[in-house]
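Only one structure is covered here, and it is reproduced in the block below.
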Ligand SMILES: NC(=O)c1ccc[n+]([C@@H]2O[C@H](COP(=O)([O-])OP(=O)(O)OC[C@H]3O[C@@H](n4cnc5c(N)ncnc54)[C@H](O)[C@@H]3O)[C@@H](O)[C@H]2O)c1
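Shown next as structure tokens:
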């Protein structure tokens, strides 16, 4: 009796183990085949589907670009080394577009030529939006080599990989910092580029590399020179979440939110005796939603063998005082303001002439109310007090 019972039990155990083994094998095979079919989608061109490589897609502007591209039915691959971006932003995007063949994330450093080449060998890209960069003027002065490496030489590597793998459309993130301190406002695309810090110089050199290469190839290139980017996704899915250690380097919108949250004691206005309407500096603030719309239009209008260069700004400047008032209204916090002497190297007025991009791409900024842009961004900031969760 005992012997029979033991035998029956061991038979049952064997059957359970066998069944579990078969189930595990099936799950493994299913996963493999779905992974394979997903990676096949990324590795083959598909008629009617444009596959865009978004470098720096885990960062502030890049993640907003990915959201828009996915919404517009593009296939997207993000490459990011997460040095400054957020895996949390990638997770949000993956959650919104989980279908196979829509979005993949590749963790890689654009300075690693072998990794970059492998990415281009494994994937069939139709276009590249190159956002990845370190992007703080002050930091660039303290660490110039980092900036020339990360911006200029990584762009060279990327363009070489594109050429080697026959990827023929590039949208490049440049900046008004390439103009330096122009004598005349507004800044047009013809304004001489005389950058005054390593960030602006590194971006200008990257532009020159792209422009020179394009003379020898049929690559379709759009260079977009952004002014000061603010705001975030109006539906509150994404936001700007720089690393805490970069706060010091921070941009004015980050400083506004940090002051409103009490992370910093207040805002500092440097210089009140400029020859502007209220004595403080004037800058051109462009909402990230508008900026990304300019990228989508640039992608649609890119032509083989041509380089389109466009300022992306509103054409209208806001003074620092006006910005601070907008910050107070948007956050509802009566942020403390200290008035200090001018900071050496700051120029009184910087704003764009955006007529070329309107004439040629029919793009113009729609979200031009700074207070509204800050209110949208503040909603995300309040809901994500410590940034993304990852
Ligand atoms: N934010 C602005 O106001 C502004 C203005 C003008 C131009 N730009 C340009 O826009 C682009 C995006 O800026 P942002 O504000 O979103 O910055 P960000 O720091 O939020 O995003 C940059 C992303 O690039 C990634 N990255 C950096 N180096 C990399 C590398 N070597 N390999 C792979 N990934 C790397 C970072 O991890 C990050 O996710 C940059 O090229 C910047 O110069 C920004």
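Numbering (UniProt numbering), first residue to last: 1 to 390.
No residue lacks a Cβ here, since even glycine has one placed at the ideal position from N, Cα and C.
For residue 246, there is no enclosing beta strand (DSSP E), as DSSP gives it neither H nor E. In summary, residue 167 is buried, with 16 or more beta-carbon neighbours lying within 10 Å of its beta-carbon over all protein chains present. Distances from the alpha-carbon of residue 340 to those of 224, 202, 233 and 279 put 279 closest. Distances from the CA of residue 146 to each of 55, 183, 203 and 76 were compared; the closest alpha carbon is that of 203. Only residues of its own chain outside the window of five on either side were considered, and among them 218 have a CB closer than 6 Å to the CB of residue 305, listed in chain order. Linking residue 39 to residue 133 through their CA atoms gives a straight-line distance of about 27 Å.
DSSP places residue 52 in the uninterrupted beta strand (DSSP E) bounded by 51-55.
If you keep only unbroken beta strand (DSSP E) runs of at least 3 residues inside the stretch 311-390, you get 337-340. Here residue 276 really is in contact with residue 282; their C-beta atoms are around 5 Å apart, less than 8 Å.
For residue 118, the CB stays at least 8 Å from every heavy atom of ligand 1.
Cβ contact annotation for residue 273 (same chain, cutoff 8 Å, sequence separation greater than five): 279 and 342, in chain order.
The C-beta separation of residue 159 from residue 223 comes to about 12 Å, leaving the pair out of contact by the 8 Å criterion. With 16 or more other Cβ atoms inside 10 Å of its own Cβ, residue 228 counts as buried. The alpha-carbon of residue 129 is positioned some 6 Å away from that of residue 55. The Cβ atoms of residue 357 and residue 173 do not sit closer than 9 Å to each other. The C-alpha of residue 47 lies about 12 Å from the C-alpha of residue 75. Beyond the five residues adjoining it in sequence on each side, residue 348 comes within less than 8 Å, by CB distance, of 274, 275, 276, 281 and 282 in the same chain, given in chain order.
Around residue 265, the same chain offers 336 as residues with beta carbons nearer than 7 Å, after the five sequence neighbours per side are excluded. Minimum Cα-Cα distance from residue 183 among the listed residues 14, 359, 385 and 350 corresponds to 350. Taking C-alpha positions only, residue 298 is separated from residue 260 by approximately 36 Å.
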